[in-house]
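Report on the structure given below.
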Amino acid sequence: EAGVAQSPRYKIIEKRQSVAFWCNPISGHATLYWYQQILGQGPKLLIQFQNNGVVDDSQLPKDRFSAERLKGVDSTLKIQPAKLEDSAVYLCASSSGQGYSPLHFGNGTRLTVT
Amino acid sequence: GESVGLHLPTLSVQEGDNSIINCAYSNSASDYFIWYKQESGKGPQFIIDIRSNMDKRQGQRVTVLLNKTVKHLSLQIAATQPGDSAVYFCAELNQAGTALIFGKGTTLSVSS
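Protein chains in written order, with my numbering: chain A, 1 to 114; chain B, 115 to 226.
Set out below in structure tokens:
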């Protein structure tokens, strides 16, 4: 079974620029998550999709972050404009259902904002 | 509020020893917990999970113990190997029952 695929692996941008991350979940997984992991901390949920609908985006900074999951498969996360504090690893995860199902994570995109 | 924390940020053990990583959670209504292992440059990898209707669950070389009375979770790794060196996170299901909340992590270092 192929795992969660993410690209790019690394990205360096200047503040106020925009950036986009892409995620392809495990085939058949209806639920997709984007987490932000700041160095030395645990992952923090940004947004959760069930198929192509948003379940929870309460912690997404909507003035600069946006995400979509068209057709209920791949997803993109965008930041515009980026701030220095957005430097982090952005992890995508998927699961076969909500709640009592382990999340399977990709290896993330490491973003550095200078 | 919801929060998950760990008692120690680092743990150093010798190869072959048993390791115990601890985690305290605050939400007494939490009913699902997971342990993840994260190696450098990789995403968190699922180790083992447990529902609140259980006190103990065993996997291959790992055991998770849940003490609901004191809201404490632990991960025991038997015969720790150098390949076990990583950051370990406990996570609990949020109040909505839809997503996981992670603690800060414990870095396990195994010396041979």
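Idealized CB from N, CA, C, for every residue including glycine. Keep in mind it's a predicted model, so treat the numbers as computed, not measured.
Min CB distance residue i to chain B below 8 Å
i: Gln48 (chain A); result: yes
i: Asn107 (chain A); result: yes
i: Pro144 (chain A); result: Residue numbering for chain A in the displayed model covers 1 to 114; residue 144 (chain A) lies beyond these limits and cannot be assessed.
i: Gln41 (chain A); result: yes
i: Asp74 (chain A); result: no
i: Asp57 (chain A); result: no
i: Gly97 (chain A); result: no
i: Leu45 (chain A); result: yes
i: Ser27 (chain A); result: no
i: Thr112 (chain A); result: no
Contacts around residue i, its chain only, beta-carbon distance under 6 Å, and the 5 residues preceding and following it disregarded
i: Ser226 (chain B); result: Glu129, Pro196
i: Pro43 (chain A); result: Tyr35, Gln37, Leu91
i: Leu187 (chain B); result: Cys137, Phe147, Leu180, Cys204
Selection from the options that minimises the alpha carbon distance to residue i
i: Ala200 (chain B); options: B:Phe160, B:Asn181, B:Asp169; result: B:Phe160
i: Tyr10 (chain A); options: B:Thr183, B:Leu179, B:Lys156; result: B:Lys156
i: Gln48 (chain A); options: A:Tyr100, A:Pro8, A:Glu68, A:Gly3; result: A:Glu68
i: Asp131 (chain B); options: B:Ser154, B:Asp198, B:Pro158, B:Lys182; result: B:Asp198
i: Thr124 (chain B); options: B:Asp163, B:Gly211, B:Tyr202, B:Val184; result: B:Tyr202
i: Gly219 (chain B); options: B:Ser154, B:Ser142, B:Val184; result: B:Ser154
i: Val55 (chain A); options: A:Leu39, A:Ala30, A:Ala82, A:Val113; result: A:Ala30
Cβ neighbours of residue i in the same chain (closer than 7 Å, five flanking residues each side left out)
i: Tyr90 (chain A); result: Phe21, Trp34, Gln36, Leu77, Gly108, Thr109, Leu111
Beta-ladder partner(s) of residue i, from DSSP
i: Gly53 (chain A); result: A:Gln50
i: Ser75 (chain A); result: A:Cys23
i: Thr220 (chain B); result: B:Tyr202
i: Val127 (chain B); result: B:Val224
i: Leu91 (chain A); result: A:Tyr35
i: Ile134 (chain B); result: B:Gln190
Spatial neighbours of residue i in its chain, beta-carbon cut-off 8 Å, leaving aside the 5 residues before and after
i: Leu207 (chain B); result: Ser144, Asp145, Tyr146, Phe147, Ala213, Leu214, Ile215
i: Val127 (chain B); result: Ser133, Thr194, Leu222, Ser223, Val224, Ser225
Interface flag, residue i vs chain A, CB-CB below 8 Å
i: Phe147 (chain B); result: no
i: Leu214 (chain B); result: yes
i: Asp163 (chain B); result: yes
i: Leu187 (chain B); result: no
So does the region 10–17 of chain A actually touch the region 183–202 of chain B, counting three or more Cβ pairs closer than 8 Å?
In short, these stretches do not touch, since the Cβ pair count stays below three.
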